[in-house]
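Numbering (my numbering), first residue to last: 4 to 173.
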């Protein structure tokens with residue numbers, strides 16, 4: 004009987020330890036599950052916000068910009084960014100995971116949409132943030148993206164946001 008209690012206790016302890024993971028491990032597991040592969044395009048719409056024509060137009064626009072400048076811009080649209088709380092932390096994590104921007108220049112940029120929280124973020128690489136500061140990015144969100152989103156024109160807001168950022172990134 005005593006051995007039985009010991010075995011049950013051991014099983015419970017192992018089960019508890021097996022279920023317990025750190026927040027970082029949980030984020031890595033969930034991020035890998037959701038974003039384990041490289042994006043197939045510059046537009047990564049995981050919530051079906053945009054139609055095929057809008058995706059193709061934005062993809063061509065962003066691809067052509069990279070060819071001209073070597074600067075890589077990516078759109079990521081998510082239903083939610085869980086387990087992340089902060090959209091910019093999510094952007095940093097996913098940008099590093101996907102390798103957005105040229106490694107030696109760290110010149111990546113992402114517009115991120117979290118549909119569940121109706122939140123927009125602009126995440127920049129270290130080389131990019133020297134020109135496109137947090138203040139500039141917030142102004143682009145407030146003046147170029149959000150007004151179009153309020154009218155239900157998501158494609159137009161995204162395009163206006165990227166265009167404004169590109170014009171400021173000279």
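Think of the CB as a built atom: it goes at the ideal place given N, C-alpha and C, for glycine as much as any other residue.
None of the values given here were measured: they were computed from a predicted structure.
Proximity to residue i [Cα-Cα], best of the options
{"i": "residue 132", "options": "164, 150, 171", "result": "171"}
{"i": "residue 74", "options": "87, 51, 56, 107", "result": "107"}
{"i": "residue 135", "options": "149, 158, 165", "result": "165"}
{"i": "residue 127", "options": "120, 158, 93, 146", "result": "93"}
{"i": "residue 101", "options": "65, 79, 152", "result": "79"}
{"i": "residue 103", "options": "50, 130, 168, 56", "result": "130"}
{"i": "residue 59", "options": "96, 69, 45, 70", "result": "45"}
{"i": "residue 56", "options": "167, 159, 168, 169", "result": "159"}
{"i": "residue 90", "options": "122, 105, 155, 65", "result": "122"}
{"i": "residue 65", "options": "47, 81, 51, 82", "result": "47"}
{"i": "residue 77", "options": "112, 155, 96, 139", "result": "112"}
Residue i - containing beta strand (DSSP E), residue span
{"i": "residue 46", "result": "46-48"}
{"i": "residue 127", "result": "122-127"}
{"i": "residue 57", "result": "Not the beta strand (DSSP E): residue 57 falls in the alpha helix (DSSP H), residues 55-72."}
{"i": "residue 89", "result": "Per DSSP, residue 89 belongs to no beta strand (DSSP E) and is neither H nor E."}
{"i": "residue 111", "result": "111-117"}
{"i": "residue 78", "result": "75-81"}
Cα-Cα separation between residue i and residue j, rounded to whole angstroms
{"i": "residue 61", "j": "residue 98", "result": "19 Å"}
{"i": "residue 153", "j": "residue 162", "result": "15 Å"}
{"i": "residue 53", "j": "residue 110", "result": "26 Å"}
{"i": "residue 63", "j": "residue 88", "result": "31 Å"}
{"i": "residue 30", "j": "residue 157", "result": "At residue 30, the pLDDT of 37 sits below 50, so the modelled position is not reliable and the matter cannot be decided from this model."}
{"i": "residue 67", "j": "residue 119", "result": "31 Å"}
{"i": "residue 36", "j": "residue 124", "result": "Any reading at residue 36 must be qualified, since the residue scores a pLDDT of 42, below 50, and its modelled position is unreliable; the value itself is stated next. One C-alpha to the other measures close to 22 Å."}
{"i": "residue 137", "j": "residue 144", "result": "10 Å"}
{"i": "residue 84", "j": "residue 71", "result": "31 Å"}
{"i": "residue 169", "j": "residue 141", "result": "14 Å"}
{"i": "residue 174", "j": "residue 115", "result": "There is simply no residue 174 to check, as the chain begins at 4 and stops at 173 in what is shown."}
Host alpha helix (DSSP H) of residue i (start-end)
{"i": "residue 135", "result": "Unbroken run through residue 135: none, as it is neither H nor E."}
{"i": "residue 51", "result": "Where residue 51 is concerned, there is no enclosing alpha helix (DSSP H), given that its DSSP letter is neither H nor E."}
{"i": "residue 161", "result": "157-171"}
{"i": "residue 149", "result": "149-153"}
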